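Structure, as structure tokens:
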Amino acid sequence: MITEKLQRIFCAFVDLEKAFDKVIRKKMWELLPEYGVDGRLLRAVQSLYYDCKACVRVGHDLSPMFSVQAGVKQGCVMSSWLFILYLDSCLQKLKNSYLGVKLGDIKVNCLLYADDAVLIAPSEAELQALVTCMKEECEIKGLRLNANKTKVLVFEKDEERKKCEIWVNQECLEQVNEIVYLGSAFTRDGRCDLDVDRRVTAGNKVNGALNT
Numbered sequence: 005m006i007t008e009k010l011q012r013i014f015c016a017f018v019d020l021e022k023a024f025d026k027v028i029r030k031k032m033w034e035l036l037p038e039y040g041v042d043g044r045l046l047r048a049v050q051s052l053y054y055d056c057k058a059c060v061r062v063g064h065d066l067s068p069m070f071s072v073q074a075g076v077k078q079g080c081v082m083s084s085w086l087f088i089l090y091l092d093s094c095l096q097k098l099k100n101s102y103l104g105v106k107l108g109d110i111k112v113n114c115l116l117y118a119d120d121a122v123l124i125a126p127s128e129a130e131l132q133a134l135v136t137c138m139k140e141e142c143e144i145k146g147l148r149l150n151a152n153k154t155k156v157l158v159f160e161k162d163e164e165r166k167k168c169e170i171w172v173n174q175e176c177l178e179q180v181n182e183i184v185y186l187g188s189a190f191t192r193d194g195r196c197d198l199d200v201d202r203r204v205t206a207g208n209k210v211n212g213a214l215n216t
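In my numbering, the protein residues as written are 5 to 216.
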């Protein structure tokens, strides 16, 4: 619907480097009350992270135990919820900005699912502003954008690709013609043919495996 009204949509598919491991717990405890997690509930959550220790397995051997003072627990059902709140706190400035694509009566500038984020803008300049804003706010909370894995995709109707240069730490992000996001394939022309083909191929492989 958006591409019907605009010639181009500029998107950055953001990758956060080791995001779950980089959470600063002290900052997490400070922001949770803003989301209604306080008092006994906050203390209960904090107790799960008291005196955390881990070890490394190398073959059949285990290293000595060492203290883990950052990040959320891997495999814990609460970790995704804690990280979502932590990352949401990094995006408040971005969400309150004037930047983004107008959709009805609202402006949309970010799609977020766990640590998979997509920044959306109507122009190259606005996308650069969104990326810079997210980078700076995330760094305050100890999170870092991975410039090597963050990709730029411009949805457009024109056959000739619009060049889009978005920079992070003096490094230009790679611009791609297609990308897989949350299991679905997206192409610069906005069509779903590639995604349909991928799913048909995957289904045929499963069907073939069941029949052998």
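All C-beta atoms, glycine included, are put in the ideal place defined by N, C-alpha and C.
Being a predicted model, the structure only gives us computed values, none of them experimental.
- For a cut-off of 8 Å, the C-beta gap from residue 26 to residue 75 is around 7 Å, short enough to register as a contact.
- Within the same chain, and ignoring the five residues on either side of residue 49 in sequence, the residues whose Cβ sits closer than 8 Å to its Cβ are 36, 41, 82 and 86.
- In the DSSP assignment, residue 24 falls outside any alpha helix (DSSP H), carrying neither H nor E.
- Under the three-state reduction of DSSP, residue 109 is assigned to coil, being neither helix nor strand.
- Contact between the region 168 to 186 and the region 50 to 67 is not established, with fewer than three Cβ pairs separated by less than 8 Å.
- Between the C-alpha atoms of residue 23 and residue 127 there is a straight-line separation of about 28 Å.
- The alpha-carbon of residue 155 is positioned some 24 Å away from that of residue 100.
- By the neighbour-count definition (other C-beta atoms within 10 Å, threshold 16), residue 51 is an exposed residue.
- With three or more CB-CB distances shorter than 8 Å, the region 135 to 151 counts as touching the region 87 to 99.
- The distance from the Cβ of residue 16 to that of residue 135 is about 5 Å, consistent with a contact at the 8 Å cut-off.
- Straight-line spacing of the CA atoms in residue 124 and residue 70 works out to 41 Å.
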